[in-house]
Amino acid sequence: MTRETRPDKTEEAAILAQALPYMLRYDDRVVVVKYGGHAMGDDQLARAFARDIVLLRQSGVHPIVVHGGGPQIGKMLERLNIQSEFKDGLRVTDQATVDVVEMVLAGAINKQIVTAITQEGGRAIGLCGKDANMVTAKKLRRTKMDPDSNIERIVDLGFVGEPSEVKPEILHRLISEEIIPVIAPIAAGEKGDTFNINADTFAGAIASAMDAKRFLLLTDVEGVLGADGELITDMDVDDARKLIEDGVAKGGMIPKLETAISAAENGVEAVVIVNGKTEHAVLLELFTEHGAGSLIHKNKDEAAL
C-alpha cells in the first residue's frame, strides 16, 4: 500500500508551519478571552470556540475564559416574571435580580462552557470571583447631571459592582496544572454582598492581574471602526481615547475601549477587540500574521508585538 500526499494535506502542513512562530510567541504565556455576545447562543460557534481554547492549551498557551450572559439572564428573568428597570442603559440589579444573575452566570452558563471544553478534550474548571476570594467587588458608582437643577446626582444601580481587588493565586495554581479556568463575573463585596460585574470590566481586571500577553474581547462586530467606517487594525491608547473624545466610538464600543485602555496601561501587553461570530476567531487572531480584529496597545512602538 502506498501513501499518497494529497494537496489538501500539503496545504494543512503549510498552515501549521506558518503558525509555528506565533505559537512560540505565546508559549507559556497567559491569554485572557472574554467570551460573550451572540456567539454564545450558536451551538456551532460554541463548539468551535471550545476547540480553539483546547488547542491553545495544547499549544503551550495558558487560556483563561471570562464569560458574560446578558441575553440568558434576560430570558430567565422573564420566565420568573421579574421586571427589570434600566437607568442610562444599565440594568438595575436588586436582590431578586442578583440572585437570578448568579444562578444563570455562575451556574448554568459557566457549566455549559466547562462541559463544552471538556468534551473537546480539555480540562476546565468553573469559577466565579467568590471562589478562593479571587475578586473582591465594590458598588459601582455612576453619576448623571440633572438637566433641571444642573446638579450631578448619583445613579443607584443596586448590586452592580466593579472589581476593587484581584487575588490571582488560584489562577496561577490552576494553569500550572494545565487546567483552563472558566470564570463568571460575580464577586462578593467586603460585607459579603453579591455583585454582578460587567464581564468586559471583570475580564480586564483578571488580564491585568495575570500580566496577560493578550486580552481578547470577543464581541458581535468586526472590531473598532474609524470615522470612514473602515476597520482600525492597530492603535495605541492615545488613539483609542481620541476615538471616544471625538465621538467616533459609539454605544457599546465605548466601554470596551475604556476597558482595553485600562488593561493596556496595567500590565497587559495588548488587547484585541474581535468578532466572536467569526469561526476560529481566537486562532486567527493569535496564530496568523494579520490577526482578526483591532489591536490596542500602550505605545506605538509596541505595534509589532
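Numbering (numbering that gives the first Met the number 0), first residue to last: 0 to 304.
Heads up, the beta-carbon is just placed ideally off N, CA and C, and yes, glycines get one too.
Please read all numbers here as calculations on a predicted model, not as lab measurements.
By the 16-neighbour rule on beta-carbons within 10 angstroms, residue 274 is buried. The beta-bridge partner set that DSSP reports for residue 84 consists of 91.
By the neighbour-count criterion, in which a residue is buried when 16 or more other Cβ atoms sit within 10 angstroms of its Cβ, residue 226 is exposed. Listed in chain order, the alpha helix (DSSP H) elements of length 4 or more contained wholly in the region 249-301 are 252-263 and 280-286. Just measuring C-alpha positions, the residue of 99, 36, 122 and 272 sitting nearest residue 62 is 122. Fewer than three beta-carbon pairs drawn from the region 72-92 and the region 33-52 are found closer than 8 Å, and the two stretches are therefore not classed as touching. DSSP places residue 62 in the strand class (E or B) of the three-state scheme. In the structure shown, residue 73 adopts helical secondary structure according to DSSP, grouped into three states.
A straight line joining the alpha-carbon of residue 140 with that of residue 233 spans about 32 Å. Using a Cβ distance threshold of 8 Å, residue 270 and residue 280 do not count as a contacting pair. Taking C-alpha positions only, residue 69 is separated from residue 236 by approximately 28 Å.
Going by beta carbons, residue 91 and residue 156 fall inside the 8 Å limit. For residue 245, the three-state secondary structure derived from DSSP is coil. Under the DSSP assignment, residue 191 falls outside any alpha helix (DSSP H); it carries neither an H nor an E label. Taking the Cβ atoms as the reference, residue 213 lies roughly 19 Å from residue 278, outside the contact range of under 8 Å. Contact between the region 96-111 and the region 202-216 is not established, with fewer than three Cβ pairs separated by less than 8 Å.
The residue from 228, 251 and 223 with its alpha-carbon nearest to that of residue 239 is 223. When the Cα atoms are used, residue 283 and residue 190 turn out to be separated by approximately 43 Å.
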